[in-house]
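*Asks:* Numbering (the UniProt record's numbering), first residue to last: 1 to 412. Using N, Cα and C, we set each Cβ at its ideal position, and we do this for glycine too.
1) State the DSSP-derived secondary structure class of residue 54, mapped to helix, strand or coil.
2) When we look at the beta-carbon of residue 133 and count the other beta-carbons within 10 Å, is it buried (16 or more) or exposed?
3) Does the Cβ-Cβ distance between residue 116 and residue 46 come in under 7 Å?
4) Note down, in chain order, each residue of its chain lying with its Cβ closer than 8 Å to the Cβ of residue 92, except the 5 sequence neighbours on either side.
5) Check the C-beta distance from residue 287 over to residue 308 and give it rounded, since I have them as a contact under 8 Å.
6) Along the chain, where does the alpha helix (DSSP H) that runs through residue 161 open and close?
7) Within the chosen definition, does the segment 282-300 reach the segment 319-337 through at least 3 CB pairs nearer than 8 Å?
8) Give the single residue among 334, 281, 170, 316 whose Cα lies nearest to the Cα of residue 300.
9) Looking only at C-alpha atoms, which of 356, 30, 357 sits nearest to residue 123?
10) Does DSSP classify residue 9 as helix, strand or coil?
11) Report yes or no: do three or more beta-carbon pairs, one from the segment 141-161 and one from the segment 177-186, lie closer than 8 Å?
12) Can you give me the start and stop residues for the alpha helix (DSSP H) that residue 286 sits inside?
13) Is residue 184 helix, strand or coil when you go by DSSP?
14) On the DSSP letters alone, give me the boundaries of the alpha helix (DSSP H) that residue 306 sits inside.
15) Note the first and the last residue of the continuous beta strand (DSSP E) segment covering residue 406.
16) Quick one: Cα of residue 275 to Cα of residue 168, how far?
17) Taking 8 Å as the limit between beta carbons, can you name the residues of its chain near residue 387, skipping five residues before and five after?
18) Just to confirm before moving on: does the CB-CB distance between residue 160 and residue 143 stay below 7 Å?
19) Need the endpoints of the beta strand (DSSP E) that residue 113 sits in, please.
20) Helix, strand or coil for residue 309? Go by DSSP, reduced to three states.
21) For residue 388, which three-state DSSP category applies?
22) Can you tell me which of the three DSSP states residue 101 falls into?
23) Could you pull the start and end residues of the alpha helix (DSSP H) that residue 297 belongs to?
24) Which word fits residue 12, buried or exposed, when buried means at least 16 other C-beta atoms lie within 10 angstroms of its C-beta?
25) Keeping to the same chain, check which residues put their C-beta closer than 7 Å to that of residue 26; ignore five residues upstream and five downstream.
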C-alpha cells in the first residue's frame with residue numbers, strides 16, 4: 001500500500017471517533033443554545049406583558065398567552081420543561097414554559113408563556129448531519145492538500161528511489177541531489193555511505209576471486225603437467241598409473257569446478273550485462289556440433305524442432321546456458337539413447353534418455369549436487385543462476401529413464 005493511501009486510511013480512521021465525540025458535544029451545545037434562545041424569547045415576552053400591564057392596568061388577552069392562573073403567585077419567574085400531547089400525531093412534544101406573577105386589582109395572577117422546543121432526536125440528527133458535513137469537508141480538504149503537498153515534499157525521496165532502482169553494483173556510486181528537508185538529506189547520506197562500502201567490498205571480493213582463480217589455475221596446470229610427466233615414466237607400474245590417473249582426474253575436476261564457481265560469482269554480481277537482441281536458434285544450432293564426437297561415440301540420436309527465437313540477453317550467458325544444457329543431455333545419456341530439442345518463442349525444451357533418477361530433480365540445480373555419476377552439479381547451477389537473472393522459469397522432470405529440462409522465457 002502506498003504511503004499516501006495509508007495516510008488517508010489512518011486519518012479517516014482517526015476521524016471516526018472524532019465524529020462520534022463531536023456529535024455528542026454538538027448535541028449538548030445545540031441544546032444549550034436552543035434553551036438560551038428560548039428562555040431569552042420567553043423573558044422578552046414576559047417583560048413586554050409586564051410593561052403592558054403597567055401602562056394599561058389590564059391583563060393580557062388569553063390568546064396572547066398560554067394560561068392565566070388566578071390565586072397562584074411566584075416571587076421570581078420560573079422556567080419549566082413540559083411535554084404536550086400532539087393529538088394529530090399522537091406524540092408528546094417538548095415545550096419550554098415560563099411562569100411569572102402579576103398583582104392585578106389586589107389579586108395575584110400567574111401568567112404562563114409556552115414555547116415549542118425541538119426534540120432530542122431532532123437535535124442529535126442535526127448535530128450528526130453537521131459533523132458529517134464537516135467531516136466530508138475536512139476529508140476533501142485533506143485529499144487535495146495532501147496530494148498537492150506530498151508530491152512536492154516527497155519528490156526528493158522518489159528521486160532517490162529512482163536512482164537506486166537503476167543502480168548496478170558494477171557502476172560508480174550515483175550522486176544524490178540535495179534537499180531542503182533534513183531527513184531526506186540524512187537518508188541520502190546514509191545510502192551513499194552504504195553504497196560506497198558495498199562497492200568497496202564488491203571490488204575487493206571480485207579481485208580476490210580473480211586472483212584466487214588465477215593462482216588455482218596456475219598451480220593446477222603445474223600439477224597436471226608434472227603428473228602427466230610422471231605418468232610417462234611409470235608406464236610399467238600399474239598401481240602408480242592408477243594413482244597418477246586419479247590425480248589427473250581430480251585436478252581436471254577441480255579446474256572445472258573452480259571455473260564454474262567463478263562464473264557463478266560473476267553471474268550473481270551481474271557482471272554479464274551487455275544484453276543484445278540475438279537469435280537463440282543460431283546459438284543452439286552452432287552449439288550442437290561441439291558435442292558431435294560424444295554423440296557419435298554413444299550412438300545418440302538427435303531430433304530437433306527449432307523455430308526462430310530472439311531474446312534480449314547477454315551473448316556470453318546465452319551460449320553458456322545452451323552449452324551446459326546440451327552437455328548435461330549428452331554427458332548423462334545412455335548408449336543408443338536420444339536427445340530431443342524443441343525451441344519456440346516461449347520456451348526451450350531438451351529431453352534425453354538417461355539413468356533412472358530416484359531423488360528430487362530440483363536438487364540438481366543446487367551447487368555441488370551429485371548424481372550417480374558422481375559429478376559435481378555446477379553446470380545446472382550455472383543455468384539456474386542465468387535463469388534467475390533474466391526471470392526465466394526452469395524445470396527438471398524425470399519419468400523413468402526420460403529426463404526433461406524446460407526453460408520458459410516468462411519475461412517476454
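*Replies:* Here's the rundown:
1) In the chain shown, residue 54 corresponds to position 54, counting from 1. Reduced to three states, the DSSP call for residue 54 is helix.
2) Locating residue 133 in the chain shown gives position 133, where the first residue counts as 1. By the 16-neighbour rule on beta-carbons within 10 angstroms, residue 133 is exposed.
3) Along the chain shown, one-based indexing puts residue 116 at 116. Along the chain shown, one-based indexing puts residue 46 at 46. It is not a contact, given that the beta carbons lie outside the stated cut-off.
4) By 1-based counting over the chain shown, the position of residue 92 is 92. Closer than 8 Å at the Cβ level, and outside the excluded window around residue 92, lie 83, 84, 85, 86.
5) For the purposes of this step, residue 287 is identified with residue 287 of the chain shown, where counting begins at 1. For the purposes of this step, residue 308 is identified with residue 308 of the chain shown, where counting begins at 1. With 8 Å as the limit, residue 287 and residue 308 do not qualify as a contact, their Cβ atoms being about 16 Å apart.
6) Position 161 of the chain shown holds residue 161. First-last of the alpha helix (DSSP H) with residue 161: 155-166.
7) yes
8) By one-based count along the chain shown, residue 300 stands at place 300. Of the listed residues, the one whose Cα sits closest to residue 300 is 334.
9) Here the question's residue 123 lines up with position 123 in the chain shown. The candidate whose alpha carbon is nearest that of residue 123 is 30.
10) In the chain shown, residue 9 corresponds to position 9, counting from 1. Reduced to three states, the DSSP call for residue 9 is helix.
11) yes
12) In the chain shown, residue 286 corresponds to position 286, counting from 1. From DSSP, the alpha helix (DSSP H) with residue 286 extends over 280-287.
13) Indexing the chain shown from 1 puts residue 184 at position 184. Three-state DSSP puts residue 184 in a helix.
14) If you number the chain shown from 1, residue 306 lands on position 306. Note, residue 306: premise wrong, no alpha helix (DSSP H); beta strand (DSSP E) at 301-306.
15) Within the chain shown, the letter at position 406 stands for residue 406. Where residue 406 is concerned, the enclosing beta strand (DSSP E) stretches over 402-408.
16) If you number the chain shown from 1, residue 275 lands on position 275. If you number the chain shown from 1, residue 168 lands on position 168. Straight-line Cα distance between these residues: approximately 14 Å.
17) Locating residue 387 in the chain shown gives position 387, where the first residue counts as 1. The answer, listed in chain order, is 321, 393, 394, 407.
18) In the chain shown, the residue the question calls residue 160 occupies position 160. In the chain shown, the residue the question calls residue 143 occupies position 143. Contact flag unset, no.
19) If you number the chain shown from 1, residue 113 lands on position 113. Taken as a continuous stretch (DSSP letters only), the beta strand (DSSP E) holding residue 113 covers 107-116.
20) Numbered from its first residue, the chain shown carries residue 309 at position 309. Of the three classes helix, strand and coil, the one that applies to residue 309 here is coil, per DSSP.
21) Taking the chain shown and counting its residues from 1, the one referred to as residue 388 is at position 388. The answer is helix: DSSP assigns residue 388 an H, G or I state.
22) Here residue 101 refers to the residue found at position 101 when the chain shown is read from its first residue. Residue 101: strand per DSSP, three-state reduction.
23) Counting from 1 along the chain shown, the entry for residue 297 is found at position 297. 292-297 is the span of the alpha helix (DSSP H), which, as asked, contains residue 297.
24) Taking the chain shown and counting its residues from 1, one reaches residue 12 at position 12. Exposed, because fewer than 16 other Cβ atoms sit within 10 Å of the Cβ of residue 12.
25) Numbered from its first residue, the chain shown carries residue 26 at position 26. 127, 130, 131, listed in sequence order.
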